[in-house]
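Only one structure is covered here, and it is reproduced in the block below.
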Amino acid sequence: MCDEKQTTIPALTVVIPVTERHDNLDELIREYHDALSTSVERLDYIVVLDGDYPNGRKELEDAAQAGISLEVYQMARQFGESNALSIGFEKADADLVLTLPAYRQVETDQLVKLLEAIETCDMVVARRWPRQDSLLNQWMTRIFHGVIRFITKYDFRDLGCGVRLIRGRVLAEVNLYGDQHRFLPMLAAHRGFNVREKSINQSSRESKVRVYAPTVYFRRLLDVITVFFLTRFTKKPLRFFGIVGGSLFVIGGLALAVVIIQRLVFGVNLGDRPALVIATLMVVLGAQLIALGLVGELVIFAHARNDKEYTVAERLNLD
Amino acid sequence: MGETSLIEPALDLSIIVPLFNEEENVELMFEAIVSALIDTSYQYEIIFVDDGSRDRTAELVRTLCAQNPQLAFIRFRRNYGQTPAMAAGIDHARGKVLVTMDGDLQNDPRDIPDLVGELDDNHDLVVGWRVNRQDRLITRKIPSMIANKLIGKVTGVPIRDNGCSLKAYKASVIKKVPLYSELHRFIPAMASITGARVKQVPVRHHARQFGESKYGLGRIYRVLFDLLIVKTVTRFASRPLAGFALVALPVLVLALVVLGIIVGQAVSGDGPLVVWSAVFLQLMGLGVFLITCGAIGELVFRRSKARVHELALLTSASTTYGNPNPASGASNV
């Protein structure tokens, strides 16, 4: 808008996962198309319906009638957004993929900013800024990202935004499953890719107050735990299980020693003390955690020769 | 990458040097290696592995690469640690013999020919030990002395100096050894999975000229856990159920002892049964849990490439006795 520097991208595939929350897809895709078609030579869309949405299908047919290159896939039942995205990524053949949400998250006229930013990196994620949400939602977002940053050391400020421009080489390496789509930028950065965040305006239509069910917050908490393990301990399970289990084991062991010495030296009865049960419980729990950590290590060892933990950016004189 | 191990090695020697922010040392290191090998007849390559340096390391190596075809370069996308850097070098190496060393000039490349010379029919792995180690006594030398003793005791592979990166390996052996996480300190122990036979040779050691040492005291607990890992995978990787059952056994015995106490007290009719019963149940629970862990371990290894027969080192070529189909050598006639 402000400057006339026109970036043109030869080919771009837009992947739109459609879940229960979606706007009129015909209008939405036209809007996306208007924003992107001037900067992209070959632009096609892959829409993955996560379940059966008859109205959505009809809207998509309308969009296709209007001459937009569109492929639609529908999953037999709901498999979740990550799996819908994965299918989209598999079908996409352009070297550059843009994921867009099925409802309005951002002002579409700003999408071009991402196309400009990708030139120097592997992935650009949009950050909705300034926010139009209710204060409650803004605070929840802030707390969520603060916790994530504390745990992973990766500083992303809007993981909930589904607008992401990704190079094919990133998609070839990063596997998504479960609820991990939110952490795609993090998983990419963890594989050593250069991921940038770009602020674009939040859609004014997203501004209405949303009250989420408590289960949503519980799911976010699960997300935090998932990302904690994915980024910190996938290669070193015993580091985590060992430090927790080891401390429990040592504390329990010391407590056990104290009650046994009291029995032997001072003649304090052993069998009627809850302290004995608590100490044993700690030792047992500690041993269980360490054992689980070791099982994890066996898994890593068993696969160490199949998947390498390093990623190579450059090779010279090796052919 | 993985296929390289199947191809007949093209060179005699590959020297693998992991680098992390070593801009002062890179060029000196390269020259030192080249001049150490100039009097030998080895066909060699040097592999510099840049482990996500943030300084000019990569730039300097690129310049060197352009002028020296015997220098190969692998750059990681980000910092992964010394073990993955060594593993990458090993995966890509094309020599019959591989040598690893630190990139900070504390190892002396002049020791390379001696180390390589020690590899023979009976030794697959030659480990350097730093005779006059040039490091701080309290924070570096004493902890590592204790660690080396402990590692030797636990793994059953007594090595004087596990921290010395300067080592020479037969490529056929080291390429089989799974190296990941921070296990480079345990290469001799990990290599013992394959049955590799180790020899130790004194090597020179210099004080750091440039840069900061990248280790500290904070790694003690890591070494302890790594030791537990190495012990588990080297002894029990091929039969995890047996390993876990071995630990479960004393727990179950202890549970039976506690059961005895309960029965004794029940018979005599006086005594707090509840507390002892709780202890008994916990111990039984732990015993069963451990055996279950072993069973899961068996599942993990069912289709793994890390089963022992895939890793095992064959020390002599196959001899055929009365084989109706003669081996390739004879069929050429």
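The listed protein sequences correspond, in order, to chains A and G.
Numbering of the first sequence is given in my numbering, commencing with residue 112 and proceeding in unit increments.
Numbering of the second sequence is given in my numbering, commencing with residue -2 and proceeding in unit increments.
Using N, Cα and C, we set each Cβ at its ideal position, and we do this for glycine too.
Quick one: using the 10 Å Cβ neighbour count with 16 as the cut-off for buried, is residue i buried or exposed?
i: I299 of chain G; result: Note on residue identity: the sequence assigns Arg, not Ile, to residue 299 of chain G. Exposed.
i: P241 of chain A; result: exposed
i: A390 of chain A; result: buried
i: N201 of chain A; result: Sequence check: residue 201 of chain A is Glu here, not Asn. Under this definition E201 of chain A is an exposed residue.
i: Q176 of chain A; result: exposed
i: A309 of chain G; result: exposed
i: G472 of chain A; result: Any question about residue 472 of chain A goes unanswered here, given that chain A covers just 112 to 430.
i: E230 of chain A; result: exposed
i: G78 of chain G; result: buried
i: D158 of chain G; result: buried
i: V248 of chain G; result: buried
i: N18 of chain G; result: buried
i: Y143 of chain A; result: buried
i: S178 of chain G; result: buried
i: Y218 of chain G; result: exposed
i: T149 of chain A; result: exposed
i: E28 of chain G; result: exposed
i: T191 of chain G; result: buried
i: S193 of chain A; result: buried
i: F261 of chain A; result: exposed
i: E152 of chain A; result: exposed
i: Q131 of chain G; result: exposed
i: Y166 of chain G; result: buried
i: G404 of chain A; result: buried
i: Q279 of chain G; result: buried
i: V379 of chain A; result: exposed
i: S50 of chain G; result: buried
i: Q216 of chain A; result: buried
i: P128 of chain A; result: buried
Check the C-beta distance from residue i over to residue j and give it rounded, since I have them as a contact under 8 Å.
i: D155 of chain A; j: T124 of chain A; result: 6 Å
i: D137 of chain A; j: A174 of chain A; result: 5 Å
i: S32 of chain G; j: T97 of chain G; result: That pair is no contact at about 19 Å.
i: L211 of chain A; j: G162 of chain A; result: Not really, about 19 Å apart at Cβ, beyond 8 Å.
i: V244 of chain G; j: L287 of chain G; result: 6 Å
i: T337 of chain A; j: H301 of chain A; result: Not a contact, Cβ separation roughly 13 Å.
i: A55 of chain G; j: D48 of chain G; result: Contact doesn't hold; Cβ gap of about 11 Å is too wide.
i: L102 of chain G; j: N22 of chain G; result: 5 Å
i: E307 of chain G; j: L238 of chain G; result: With a Cβ gap of about 19 Å, E307 of chain G and L238 of chain G do not count as contacting.
i: D121 of chain G; j: V151 of chain G; result: Rounded, the Cβ-Cβ distance is 22 Å, inconsistent with contact.
i: A213 of chain A; j: T130 of chain A; result: 7 Å
i: R316 of chain A; j: D269 of chain A; result: No, R316 of chain A and D269 of chain A are not in contact; Cβ-Cβ is about 17 Å, not under 8 Å.
According to DSSP, which residues form a beta bridge with residue i?
i: R127 of chain G; result: G:V200
i: R275 of chain A; result: A:T210, A:V236
i: Y184 of chain A; result: A:V159
i: D117 of chain G; result: G:H120
i: D418 of chain A; result: In DSSP, D418 of chain A forms no bridge with anything.
i: D47 of chain G; result: G:L16, G:R72
i: P128 of chain A; result: A:V159
i: T374 of chain G; result: It is not possible to answer for residue 374 of chain G, since the shown part of chain G is limited to -2 through 330.
i: G92 of chain G; result: G:L8
i: E308 of chain A; result: A:V236
i: A424 of chain A; result: Partner(s): none; A424 of chain A has no beta bridge.
i: A122 of chain A; result: A:R153
i: V260 of chain G; result: BP columns for V260 of chain G are empty, so no partner.
Check your understanding: What residues in the stretch 274 to 297 of chain G have a beta carbon less than 8 Å from any beta carbon of chain A?
Key -> Residues passing the 8 Å Cβ filter: A275, V276, Q279, L280, G282, L283, F286, L287, C290, I293, G294, V297.
Review point. Would the stretch 215 to 224 of chain A and the stretch 279 to 299 of chain A be scored as touching if the rule is three or more Cβ pairs under 8 Å?
Key: no
Exercise for review: Check each residue of the stretch 176 to 198 of chain G: if its Cβ is closer than 7 Å to any Cβ of chain A, include it; give the result in chain order.
Suggested key: Y177, S178
Point to revise | the stretch 180 to 193 of chain G contacting the stretch 105 to 116 of chain G, beta-carbon criterion three pairs below 8 Å | key: Counting Cβ pairs under 8 Å, fewer than three are found: no touch.
Check your understanding: Which of the residues in the stretch 154 to 186 of chain A, read from start to end, lie with their CB under 8 Å from any CB of chain G?
Key -> Residues passing the 8 Å Cβ filter: none.
Check your understanding: Three or more beta-carbon pairs under 8 Å between the stretch 83 to 92 of chain G and the stretch 412 to 427 of chain A, yes or no?
Key -> yes
Exercise for review: Could you run through the stretch 69 to 93 of chain G and flag, in chain order, every residue whose CB is less than 8 Å away from some CB of chain A?
Suggested key: A69, F70, I71, R72, F73, R74, R75, Y77, P81, A82, A84, A85, D88, H89
Exercise for review: Could you list the residues in the stretch 29 to 52 of chain G with a C-beta less than 7 Å from some C-beta on chain A, going in chain order?
Suggested key: none
Review point. Is the stretch 219 to 239 of chain G touching the stretch 345 to 355 of chain A in the sense that three or more CB pairs, one from each, lie closer than 8 Å?
Key: yes
Practice item. Check whether the stretch 257 to 277 of chain A touches the stretch 293 to 300 of chain A, taking contact to mean three or more Cβ pairs, one atom from each stretch, closer than 8 Å. Key: Here the stretch 257 to 277 of chain A lies against the stretch 293 to 300 of chain A, with 3 or more beta-carbon pairs under 8 Å apart.
Check your understanding: Name the residues in the stretch 352 to 379 of chain A whose C-beta lies less than 9 Å from a C-beta of chain G; which are they?
Key -> G353, I354, G357
Review point. Given 8 Å as the limit, is there contact between the stretch 275 to 283 of chain G and the stretch 382 to 402 of chain A, that is, 3 or more CB pairs closer than that?
Key: In this structure the stretch 275 to 283 of chain G touches the stretch 382 to 402 of chain A; the number of beta carbon pairs closer than 8 Å is three or more.
Review point. Listed in chain order, which residues of the stretch 413 to 429 of chain A have Cβ atoms closer than 8 Å to some Cβ of chain G?
Key: A413, H414, A415, R416, N417, K419, E420, Y421, T422, V423, A424, E425, R426, L427, N428, L429
Check your understanding: Can you list, in chain order, the residues of the stretch 218 to 240 of chain A whose Cβ is nearer than 8 Å to any Cβ on chain G?
Key -> Result list empty, no residue passes.
Point to revise | Residues from the stretch 275 to 303 of chain A in contact with chain G, defined by Cβ distance under 9 Å | key: Within the stretch 275 to 303 of chain A, those residues whose Cβ lies closer than 9 Å to any Cβ of chain G are, in chain order, A300, H301, R302, G303.
Exercise for review: Take every Cβ of the stretch 37 to 44 of chain G, pair it with every Cβ of the stretch 5 to 15 of chain G, and state whether three or more of those distances are shorter than 8 Å.
Suggested key: yes
Check your understanding: When you check each C-beta in the stretch 221 to 236 of chain G against every C-beta of chain A, which residues fall closer than 9 Å?
Key -> When CB distances to chain A are screened at a threshold of 9 Å, the residues of the stretch 221 to 236 of chain G falling below it are L221, F222, D223, L225, I226, T229, V230, F233, A234, in chain order.
Practice item. Report the residues of the stretch 331 to 342 of chain A with a CB closer than 7 Å to any CB of chain G, ordered along the chain. Key: none
Review point. Does the stretch 51 to 68 of chain G come close enough to the stretch 134 to 146 of chain G that 3 or more CB-CB pairs lie under 8 Å?
Key: no
Review point. Which residues, taken in chain order from the stretch 244 to 274 of chain G, show a beta carbon closer than 7 Å to some beta carbon of chain A?
Key: G268, P269, V272, W273
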